[in-house]
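Trainee: Residues in the sequence shown are numbered from 6 upward in steps of one, following this note's numbering. Below: one structure in structure tokens.
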Amino acid sequence: MYSSNVLEHIEDDIEMLRKLHSLLKKNAVIAIYVPAFMCLYSGLDIAVGHHRRYEKAELIKKLEQANFRIIKCHFFDSLGFFASLFLPKFGYKNNPKNFHFYDRCIYPLSSMLDKLGAKYFFGKNLLVIAQKLDQ
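Here it is as structure tokens:
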């Protein structure tokens, strides 16, 4: 099962994780991709209906509370962390041209940094792979 940019929209995320757990077969694996770091929470998050961005330890704890075992957990888009942190302070506007520039020019560099190990320390998003544990 794969959940991409969904969990942050759900008010009671632990209850949702428990529901997802109940839908999975024994030993099944789930991949969850969410926005990371509450320090990056901005007007854009509010505009798109995010209740939160996740800290790594927080998401791991919630998955464990829902009876999952963490297989892998790391960040994505290391340069996106800095872009999300600083650009709003400079009057950055939610302009599609800015996203296009980022996707074409910056994200490939960010992906390379992630592969070199930055993904273990910071990033704009978080990916967790977890396995269902029996009750």
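We put the CB at the ideal spot given by N, CA and C, even for glycine.
1. To which residues of the same chain is L84 closer than 7 Å at the C-beta, ignoring the five residues directly before and after it?
2. Label I37 either buried or exposed according to how many other C-beta atoms from any shown protein chain fall within 10 Å of its C-beta, with 16 as the threshold for buried.
3. Would you list, in sequence order, the uninterrupted beta strand (DSSP E) runs of no fewer than 3 residues that lie entirely inside the region 10 to 51?
4. Between which residues of its own chain and H79 is the CB-CB distance below 7 Å, once the five residues before and five after are set aside?
5. Check R109 in the structure and name its three-state DSSP category.
6. Below 8 Å on the Cβ atoms is my guess for A135 versus I75; work out the distance and round it to an integer in Å.
7. Tell me the DSSP bridge mates of F81?
8. Mind checking who S8 pairs with in its DSSP beta bridge?
9. Would you kindly check if the distance between the Cβ of A88 and the Cβ of Y107 is under 9 Å?
10. Determine the closest residue to M6 out of M43, Q70 and A33, with distance taken between C-alpha atoms.
11. Looking at L90: is its Cβ nearer than 9 Å to the Cβ of C44?
12. Given a cut-off of 9 Å, decide if N130 and F73 are closer than it, judged by their beta-carbon atoms.
Mentor: This is what the structure gives:
1. Locating residue 84 in the sequence shown gives position 79, where the first residue counts as 1. I111, L114, S115 and L118.
2. Along the sequence shown, read from residue 1 onward, the residue named residue 37 stands at position 32. Burial call: buried.
3. Here the runs fully enclosed are 34 to 40.
4. Start at 1 with the first residue of the sequence shown, and residue 79 comes out as number 74. Scanning its chain for C-beta atoms nearer than 7 Å, with the 5 sequence neighbours on each side dropped, one finds around H79 the residues K124, Y125 and L132, in chain order.
5. Residue 109 sits at position 104 when you count from the first residue of the sequence shown. In this structure, R109 counts as helix in the three-state DSSP scheme.
6. Position 130 of the sequence shown, counting from 1, holds the residue named residue 135. Position 70 of the sequence shown, counting from 1, holds the residue named residue 75. Going by Cβ atoms, the distance from A135 to I75 rounds to 5 Å, so yes, they are a contact pair.
7. By 1-based counting over the sequence shown, the position of residue 81 is 76. Under DSSP, F81 shares a beta bridge with N130.
8. Translated into positions along the sequence shown, residue 8 becomes position 3. Looking at the DSSP output, S8 bridges to I37.
9. Position 102 of the sequence shown, counting from 1, holds the residue named residue 107. Position 83 of the sequence shown, counting from 1, holds the residue named residue 88. Yes. Within cutoff.
10. Counted from its first residue, the sequence shown places residue 6 at position 1. Comparing alpha carbon positions, the residue from M43, Q70 and A33 closest to M6 is A33.
11. Translated into positions along the sequence shown, residue 90 becomes position 85. Translated into positions along the sequence shown, residue 44 becomes position 39. Note that the C-beta distance between L90 and C44 is below 9 Å.
12. Within the sequence shown, the letter at position 68 stands for residue 73. Within the sequence shown, the letter at position 125 stands for residue 130. Against a cut-off of 9 Å, the Cβ pair of N130 and F73 comes out as no contact.
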